[in-house]
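Peer 1: Numbering (the working numbering), first residue to last: 7 to 377.
The beta carbon of each residue, even a glycine, is placed where N, CA and C say it ideally should be.
Everything numeric in this text was worked out from a predicted model, so none of it was measured.
Structure provided below as C-alpha cells; questions to follow.
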Ligand SMILES: *Cc1c(COP(=O)(O)O)cnc(C)c1O
C-alpha cells in the first residue's frame, strides 16, 4: 500500500489484523452444501437461551434509547451473581473491550510492557501492538502448561500487565488455583495480573481453579468473564471485568458511555436468570467433551486435556494428512473447525463442542477424512 498523504500511525500501518475464517454462507455457496456446522469459535452448543430470546423480543421497542451509562442494573445483577461489591464490576462490549481498555489505561507506550504466553489469545498482542506497547511472549511448556518461572523472569519493573488465560485457549489447559495464587503473590504490586476466565465455568470445579472467591485478598488482580460462551450471547457482545476498586473507577471514567447497548444489557440480565439453560449448556459441553475426546483417541489423535468447551488435538503421527488438509476436507463436507497455524502450530487443530448431533457428524466425517 502507498503511504497516504494524511497521518496514519506506524502501528496502524504495520498492523496485522485478526483473521476470521469464512462465513457459513460463504462455505455453503462455495461447496454447494445444504448444511454447514460451525465448531470453530467456541460458541454455545445449544444456541441462545429461550428466555433471552423472549426478553429481547419483548424489549425490542427500547432500541431507540441509549442504555444507562455504566449499566447499573447489569452491574447489580453481576454483583449479586458473584456475591461481591458492585464497585468491582465493569461491563464491556465483549471482554475484548475490557482487554482494550486495560491496555490503554495501564501501560504508557514506549515505557511499559505487557507479558503473555506464546501462543495466547490474539487480542492481548493485537491491542498492545496497536497502542505501541512492547508485547513480550514466553513460550508455553511442551504440554501447553504455563511456564510460571519464565513468565516471572520476563516481568520487570516496567511490566504493567501480565495476561493468563485459564482455562487456556487454544489448549483448554486449566492450572490448579494454587499455581495461579503462587504466581499472583510472586508478582510485584506494580504489575497487574489479568486472568482471562472466559471458559472458567466449563471447568466443573471453579473453587479448585479460580481466584475469584478470594479476589479481595489481592490488590493487583483483574479477572475477565464473558457472556459469549456459556451464556450464549457472543453476537450481542457482552463481557465484564472484575477489577480492584481504584482501577474500576478509572475504567468507568474513560469507558465509552454506551458501548454496552440496551438490548445486550437486557439479554445479559435474562441470561443470568436462566439457570436451567446454563446447566443444560454445561452438561452438553461435558458430555460432548468426553464423547469427542474418546472418538479422537480411537482415531489415534493426541488429545490435550481440556476444561473448556473445545478440544485441541494433533493428528496421528502416521497420518499423511496435514492439519490444513484435514481442516479443508472437513470444510468441503460442511464442518468448520479451527486449524491452529495462525497460532504457529501447523500440526494442531481445535474443535468446539457442538450439539450431540453436530458432535456425531464431526466424528463421522473426521473418520472418513482420515481413512
Ligand atoms: C472467547 C474469548 C473471550 C471472549 O471474548 P468476548 O469479547 O467477550 O466475546 C475472551 N478471552 C478468550 C481467551 C476467549 O477465547
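Please return the same chain residues whose Cβ sits closer than 7 Å to the Cβ of residue 127, not counting the five positions on each side in sequence.
Peer 2: Contacts found: 171, 175 and 202.
Peer 1: How long is the line joining the alpha carbons of residue 177 and residue 298, rounded to whole angstroms?
Peer 2: Cα to Cα, the separation comes out at about 15 Å.
Peer 1: May I ask which residues mark the beginning and end of the beta strand (DSSP E) holding residue 121?
Peer 2: Per DSSP, residue 121 belongs to the beta strand (DSSP E) from 119-124.
Peer 1: What number of angstroms, rounded off, separates the C-alpha of residue 190 from the C-alpha of residue 141?
Peer 2: Cα to Cα, the separation comes out at about 19 Å.
Peer 1: Once the 5 residues before and after residue 161 are set aside, which same chain residues still bring their CB inside 8 Å of it?
Peer 2: So the list reads 121, 168, 193, 194 and 197, once near-sequence residues are dropped.
Peer 1: Measuring from the CB of residue 315, is there a heavy atom of ligand 1 at a distance below 7 Å?
Peer 2: Residue 315 Cβ: outside cutoff for every heavy atom of ligand 1.
Peer 1: Alpha carbon to alpha carbon, how far is residue 157 from residue 64?
Peer 2: Their backbone Cα atoms lie some 48 Å apart in a straight line.
Peer 1: Applying the 10 Å Cβ sphere with the 16-neighbour rule, what's the burial state of residue 163?
Peer 2: Label assigned to residue 163: exposed.
Peer 1: Is residue 125 closer than 8 Å to residue 349 when the C-beta atoms are compared?
Peer 2: Yes. Within cutoff.
Peer 1: Just reading off the beta strand (DSSP E) that residue 169 is part of, what are its end residues?
Peer 2: That run of the beta strand (DSSP E) goes 165-171.
Peer 1: What residue range does the beta strand (DSSP E) around residue 358 cover?
Peer 2: First-last of the beta strand (DSSP E) with residue 358: 354-358.
Peer 1: Tell me the residue span of the alpha helix (DSSP H) that contains residue 207.
Peer 2: Neither: residue 207 is in no alpha helix (DSSP H) and is coded neither H nor E.
Peer 1: Would residue 133 and residue 109 qualify as a contact pair, given that the criterion is a beta-carbon distance under 8 Å?
Peer 2: It is a contact, given that the beta carbons lie within the stated cut-off.
Peer 1: Taking only three categories from DSSP, how would you classify residue 110?
Peer 2: Here residue 110 sits in helix by DSSP.
Peer 1: If you run the structure through DSSP and keep just helix, strand and coil, what is residue 26?
Peer 2: Coil at residue 26, not helix or strand.
Peer 1: Compare the Cα-Cα distances from residue 306 to each of 377, 212, 245 and 233 and report the closest residue.
Peer 2: If we check each option's Cα against that of residue 306, 377 comes out closest.
Peer 1: Can you check the stretch 247-317 for any beta strand (DSSP E) of at least 3 residues that lies completely inside it and give the ranges in chain order?
Peer 2: Counting only runs of 3 or more, we get nothing.
Peer 1: Pull up the CB-CB distance for residue 234 and residue 103, whole angstroms please, since I reckon it's below 8 Å.
Peer 2: That pair is no contact at about 12 Å.
Peer 1: Return the chain-ordered list of same chain residues with a C-beta closer than 7 Å to the C-beta of residue 343, the five sequence neighbours on each side being excluded.
Peer 2: Excluding positions up to five away in sequence, the list reads 45, 46, 333, 336, 355, 356 and 357.
Peer 1: I'd like to confirm the pairing. Which residues does DSSP put opposite residue 98 in its beta bridges?
Peer 2: Answer by DSSP bridge pairing, in chain order: 245.
Peer 1: Going by CA-CA distance only, name the one from 238, 351 and 208 that's closest to residue 179.
Peer 2: Residue 179 has its Cα closest to that of 208, out of 238, 351 and 208.
Peer 1: Per the contact definition of three or more C-beta pairs closer than 8 Å, is the stretch 51-64 in contact with the stretch 280-293?
Peer 2: Yes: at least three Cβ pairs fall under 8 Å.
Peer 1: With three or more beta-carbon pairs closer than 8 Å as the criterion, would you say the stretch 18-29 touches the stretch 304-323?
Peer 2: Contact fails: fewer than three Cβ-Cβ distances are below 8 Å.
Peer 1: Excluding five sequence neighbours on each side, which residues of the same chain lie with their C-beta closer than 6 Å to the C-beta of residue 268?
Peer 2: Cβ neighbours of residue 268 beyond the five flanking positions: 68, 71 and 73.
Peer 1: Along the chain, where does the beta strand (DSSP E) that runs through residue 140 open and close?
Peer 2: First-last of the beta strand (DSSP E) with residue 140: 140-145.
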